[in-house]
Structure formats: C-alpha cells, structure tokens
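Report on the structure given below.
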Amino acid sequence: MSEEIVLKVLTLNCWGIPYISKNHIIRVNAIADKLADEHYDFVCLQEIWSFNDFRLINAKIQDKLPYSHYFFSGVIGSGICIFSRYLILDVMFHKWPLNGYVHKIHHGDWFGGKGVGLCKVRIKNININIYIAHLHAEYCKENDEYAAHRVMQAFDTAQFIRMTKGGADAVILGGDLNTEPQNLAYQIICGIGGLIDACSKNSTHLGTNECANNSYTNIRVARKLPQGKRIDHILYVGSKQCKIEAYDYMHPFPTRIPNMNFSYSDHEAIMASFKLTKGSPSEKIHIDMKEALKEAISICEAALLNVRKQRIHYLLISFILVIPLMWSMGLDYLITNFEISIGFNLLRLFLTAILCYVLFMSSIWNNLEQNALKAWCSTMEIHLMKSNENDECDM
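Structure below.
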C-alpha cells in the first residue's frame, strides 16, 4: 500500500539588514508572529543577517517548528536558515566560489559568503532533502555586471543538488533565486537540477518582488509592472520511489502587517503545498539544455575576457601610481614646512593604499575570479558534450 504525506513549504526574503532595512525590528517580530500562528512543515528564510533575529524567530515558533539550522558563512553569515517541523538529521553548506566583489561594499553580497544549504529529514519512511539558496542580486538590468556570477551560482546550485540527492525520495528547493522563469539562471537550475516549479500556469501572475501592493516598492517601478517580478521560487522533484505533486501555490501573508502601514518585507512570501506518495514513481523529466548551456558558456567566456582586461587596467594604474610615489621620496628633504609635510605624507599614504588595492585586484582577486570561471566553463562543456552524445545515441 502506498504511503502518503502532505507538506506545506514557505520561503521568504526577510530583508533583515540591521540598522539599514526599514522597520527592521518590527518586521522581524511580525514575521515570527505570523509563522507561529500558521501551520508549515518547512520554512526557508533569506536575508536573516543577524543571528539575534534568527534566535528571536526560533524562540517564537518553537511550538510549531521545533527544529532549525542557520548556515554560517562569510564575514556576516550567509543570511539563510531553515525551520522544520521534523527532526533535521543532517546538514551541509556549499559556498559559491564567485559571490560578487569585495570592493562593492554597498552591495555586500561578497561579505555574506553566499551558497546553497541542505537539511535532510525523514518523515514516515520518506527521505526528503530541503535546499535553500539566495543567488546574487541584479542591481542594474541594463548593465548587469553580476550576470556571470549569478549564472555560475545557478549552475553550481544545480550541480550540488544533483550530487547530494542520492538516497532522497524527494527534493525541495526554496529561496530568493533572483531570476525570473524566462532568465537563463532559472533555466539552468531547473534543467541541470531536474527540478519542477511549484508555481502552476494559473499562478504566474503572483510576483514576489517590486509588487505594486508592497509598501516598499517604488511608485515608478510599480506603475511599469504592477504584479512585480517572480524571482522567489519553490522547486521540487521526486524519485523512482516517490511521487511528489504540488497542488497549491499562494501568497500566504497579507499585504500589510496588522495595525501597521508597511509590509512584512520588500519581498512577498510564497507557500506551496505538496502531496508525497511513497511507492509511486515520479515521471522522468527531460529538458533540452544544449542552447542554455551554450549561452552560459558564452557568458562565462565573455566574463573571462573581461577579467583579463581588468588585470591590464589595474596593472596600468599601478604603473601610473608607482611613478609619483617614487618621485615623491626625493622631495622629503626639500619640504621644511611642518603642515605641508603632514599633508604631503597623507597624500602619499592615500596613493599607497590605492596602489595596494589595485595590486591585490590585479593578482590575488583576479586569479580567484579567473580560476572559478574556468572551472565552471569546463564543467559546463562536459555537460554539453554529454547532451550531444545522448542526442546521437537517440538517433
């Protein structure tokens, strides 16, 4: 006789940046209260940048979701965590080699040490892998300098899921993937990872970011696309031993916090319900990834070319800075005024700091980015070769 269970999964980017995010403390408390009032089996939260926020939420929802894990990483933490109604048997975190740029402090993605997290649970003899991820944001659509980073993170996430799902009857991924269904990163995660979107064709209008009904959405942005962008996702796949079906998908939170004039976050929470049947095999999914892989490889190669150009620019700047610094050493004995001497030395210290920065970027950082791109590019080429050989075998 087939064994059946029903699960409810929620994901939300909480926009929890201490001292920067608007209404941060009130919103975190409201999110915790809302989770405590509802019934979910798994909750995937992103942008919980303060561990105190994690502990606050954990304390409030202990009765409903007694098990949890926060994925520590980077300088300020990965910001991602999972709360579970069921005992977490094992955890794992894979940090992405490319996570934005260290000098882009105002973006801050590098400092989070982002990656993909995994929690393994067992429910009524059914093994389930719960994954969570938060891909690099797109800060400028017209000139997306992080396109290669996000595509590579998507590929790495899909690879991680493929390599770790052995023994799992079902796989569920929740998170802010910062990619819409028509984008390459989304296609790679679903195609390489073999995942299905829980959002049905009837629910595609449910945006999750920059929605007009969200209090934090810019009015001009809301007028262009009132339904917002669907960049937060819940994806899933079953196995030969277990069939998994998504039968519900919705925004579970109201548009405003009770008695407040602002939303729970600048993103909308999404919830999907699943029915798992042990003993009934899931349908095998095949997605032709050749064109997507070719596009990803071309993006990777373009990024490699750009990295090489950046190295030349940094080395040129280094050469330009070295000349005045060396020249300035011979002027020390000519400067007799104390105030001028202090100003001169401060200027020299500033130029030396810039020189150290550009030397670091042209050597250590440049090599790190270049090697990461080469590694991903070669792995995708192997996938592309395998796809071509499979097509030849089918002919």
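The numbering used here applies: residue 149 is where the sequence shown begins, and numbers increase by one.
Ideal Cβ positions, reconstructed from N, Cα and C, are used throughout, including at glycine.
All figures in this text were calculated on a predicted structure; none of them were measured in a lab.
Residue i and residue j closer than 7 angstroms at C-beta
| i | j | result |
| --- | --- | --- |
| cysteine 229 | phenylalanine 202 | yes |
| isoleucine 280 | glycine 260 | no |
| glutamate 151 | lysine 268 | no |
| phenylalanine 190 | isoleucine 278 | yes |
| alanine 417 | proline 400 | yes |
| lysine 252 | serine 221 | no |
| alanine 306 | isoleucine 276 | no |
| leucine 532 | serine 466 | no |
Helix, strand or coil at residue i according to DSSP, with G and I counted as helix
| i | result |
| --- | --- |
| arginine 270 | strand |
| histidine 297 | helix |
| aspartate 380 | strand |
| serine 363 | coil |
| methionine 311 | helix |
| histidine 137 | With the chain running from 149 to 543 in the structure shown, residue 137 is simply not present. |
| leucine 497 | helix |
| methionine 398 | strand |
| aspartate 181 | helix |
| lysine 289 | coil |
heavy atom of the ligand COA below 6 angstroms from residue i C-beta
| i | result |
| --- | --- |
| glycine 227 | The ligand COA is absent from the structure shown, which contains no ligands of any kind. |
Pairwise C-alpha distance: residue j and residue i
| i | j | result |
| --- | --- | --- |
| asparagine 366 | isoleucine 340 | 35 angstroms |
| serine 216 | alanine 523 | 33 angstroms |
| leucine 453 | leucine 521 | 10 angstroms |
| isoleucine 435 | leucine 332 | 13 angstroms |
| leucine 104 | asparagine 200 | The structure shown does not extend to residue 104, since the chain is modelled only from 149 through 543, so no value can be given for it. |
| valine 455 | serine 446 | 14 angstroms |
| lysine 432 | alanine 346 | 16 angstroms |
| aspartate 304 | glycine 491 | 49 angstroms |
| serine 351 | asparagine 171 | 30 angstroms |
| glutamate 449 | valine 250 | 22 angstroms |
| asparagine 206 | alanine 180 | 8 angstroms |
| tyrosine 167 | glutamate 286 | 23 angstroms |
| serine 511 | arginine 298 | 23 angstroms |
Nearest to residue i (by Cα), restricted to the options the options
| i | options | result |
| --- | --- | --- |
| alanine 302 | Gly315, Asn247, Ile253, Cys504 | Asn247 |
| proline 402 | Gly427, Lys182, Gly164 | Lys182 |
| isoleucine 174 | Ile278, Ile405, Ala450, Thr356 | Ile405 |
| arginine 371 | Leu495, Cys359, Asn493 | Cys359 |
| glutamate 443 | Gln335, His381, Leu507 | Gln335 |
| histidine 255 | Tyr384, Ile165, Met477, Lys457 | Ile165 |
| glycine 314 | Gly386, Trp258, Cys525, Ser526 | Gly386 |
| lysine 156 | Ala178, Ser169, Val176, His187 | His187 |
Does the contact criterion of 3 or more C-beta pairs under 8 angstroms hold for the stretch 420 to 429 versus the stretch 373 to 390?
Touching, per the Cβ criterion.
Check your understanding: Given 8 angstroms as the limit, is there contact between the stretch 309 to 321 and the stretch 362 to 376, that is, 3 or more CB pairs closer than that?
Key -> The way I'd put it, the stretch 309 to 321 doesn't touch the stretch 362 to 376; fewer than three beta-carbon pairs between them come closer than 8 angstroms.
**Asked** With a cut-off of 8 angstroms, do at least 3 Cβ pairs link the stretch 220 to 227 to the stretch 179 to 198?
**Response** yes
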